[in-house]
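J.:
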Amino acid sequence: MAADTSRSTYIALEDRKRHSSLWFDDGNIVLATRASIFRVHRGLLSKNSPVFSDMLSMPQPETMEPTFDGLPIVELSDDDTDFTHILNFFYDRRYYLGGMPTTFSIVSGLLRMSTKYQVDELRDEIISHLAIAYPRTFEKYLEAVKPEAQLKLFPSFPGQHFAMVTLARETNAYILLPAALWRSSCVGWLDITRGIVGLNGDSPRLPPNDRLRCLLLRHAFGEKSIHLEHTLPRLWEASTCKERGQDGRLLKDYTPCQGRAVIKTSNHFANHHPKLEDHHDHFTQMNGFAKWRTSVCDVCRNKAESELSSVRSSWWEQLPVMVGLPAWKDL
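For the sequence shown, the positions run 1 to 331 when UniProt numbering is used.
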């Protein structure tokens, strides 16, 4: 059945579209994707890619070499759009500049093609570019998710994090996966299971195994968050509290600050269940803590924030292993 489908979609070479800007009269080789043909320069291909260099240096018997308008032709299995992006980059390095705004089509196509054709410098630059939004370190993540952050990537779109997971898997860019999976897990659970309707009517979806990983991640961090919210008022040294020793303690063995924190946390959880909340990032949002943060003295508040940051940092270090990947240092 698959073979029949392939034959039905085959387009004869003479019917494929000549690319308007990548058809050079002095080109000495023709490359063909499924729907397009490109007349380009062998030397440029070989200079930019060791894969093309090896491919084009292999001697072919003249009687067996396919030709198009008298030129050798190489048929490729690449997506038309992806391959157009890499050729545009070969001819003009300004087509993609790391760290400058671009489009997801360009950056994803170039990452796939630079991986396949071993354009290693370009591949490394793109991964570094994408790591601005999907970073390795907890500190960089906090910077990336700030509402006011101006990330020089590409215009955001519905299902972006799902698309990033798929792209990272396709290109073995595993360093991007933990943050991409985490950000995917923060959307609604129905979106995780069904996909998200995109701007063009497409529906970015996670691969089945990654859907399960994200759902399990939501559950695990919901549990972690509940535990941390309840224990946070007890994690700092009570002797440092400015209000310690004053009258009006709220609970036995607690300073007034800790007592207020415990009561406000309990009241919050009596009305909310964080494990069921959609679009909730446990690395940046602690709603119970937010209820009492301004109700305690500045010493206790600073201690609590320090403890919270320390715990979250340890969570971040655990993240790759929690999604089935090696530790950060091994990615």
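Idealized CB from N, CA, C, for every residue including glycine.
1) What residue range is occupied by the uninterrupted beta strand (DSSP E) comprising residue 29?
2) Provide the residue span of the alpha helix (DSSP H) that contains residue 17, from first to last.
3) Quick one: residues in its chain with C-beta nearer than 8 Å to the C-beta of residue 103, no 5 flanking neighbours on either side, listed in chain order?
4) Under the three-state reduction of DSSP, which class applies to residue 148: helix, strand or coil?
5) Please report the distance separating the alpha-carbon of residue 182 from that of residue 210.
6) Per DSSP, residue 75 forms a beta bridge with which residues?
7) For residue 249, name the three-state secondary structure that DSSP assigns.
8) Three or more C-beta pairs closer than 8 Å, one from the stretch 15-34 and one from the stretch 71-84: is that the case here?
9) If you scan the stretch 260-308 from start to end, which runs of the alpha helix (DSSP H) of 4 or more residues do you find wholly inside it?
10) What first and last residue would you give for the alpha helix (DSSP H) that runs through residue 183?
11) Taking the CB atoms as reference points, tell me whether residue 81 and residue 38 lie closer together than 9 Å.
12) Once DSSP output is grouped into helix, strand and coil, what is the label at residue 86?
13) Helix, strand or coil for residue 197 per DSSP?
14) Is it right to say residue 88 is buried, meaning 16 or more other beta carbons lie within 10 angstroms of its own, or is it exposed?
15) Taking all protein chains shown into account, decide if residue 283 is buried (16 or more other Cβ within 10 angstroms of its Cβ) or exposed.
16) Enumerate, from N- to C-terminal direction, the unbroken alpha helix (DSSP H) stretches of 4 or more residues contained entirely within the stretch 85-127.
17) Look up residue 37 in the DSSP assignment and say whether it is helix, strand or coil.
18) Near residue 174, what residues of its chain come up, given a Cβ to Cβ distance below 7 Å and the 5 sequence neighbours on each side ignored?
T.: Let me spell this out:
1) 29-32
2) No alpha helix (DSSP H) holds residue 17; the beta strand (DSSP E) holding it covers 17-23.
3) 154, 155
4) coil
5) 11 Å
6) 32
7) Unreliable placement is indicated for residue 249, whose pLDDT of 49 sits below 50; the coordinate value is still reported in the next sentence. In this structure, residue 249 counts as coil in the three-state DSSP scheme.
8) yes
9) 287-292
10) 177-185
11) no
12) helix
13) coil
14) buried
15) buried
16) 104-116
17) strand
18) 168, 325, 331
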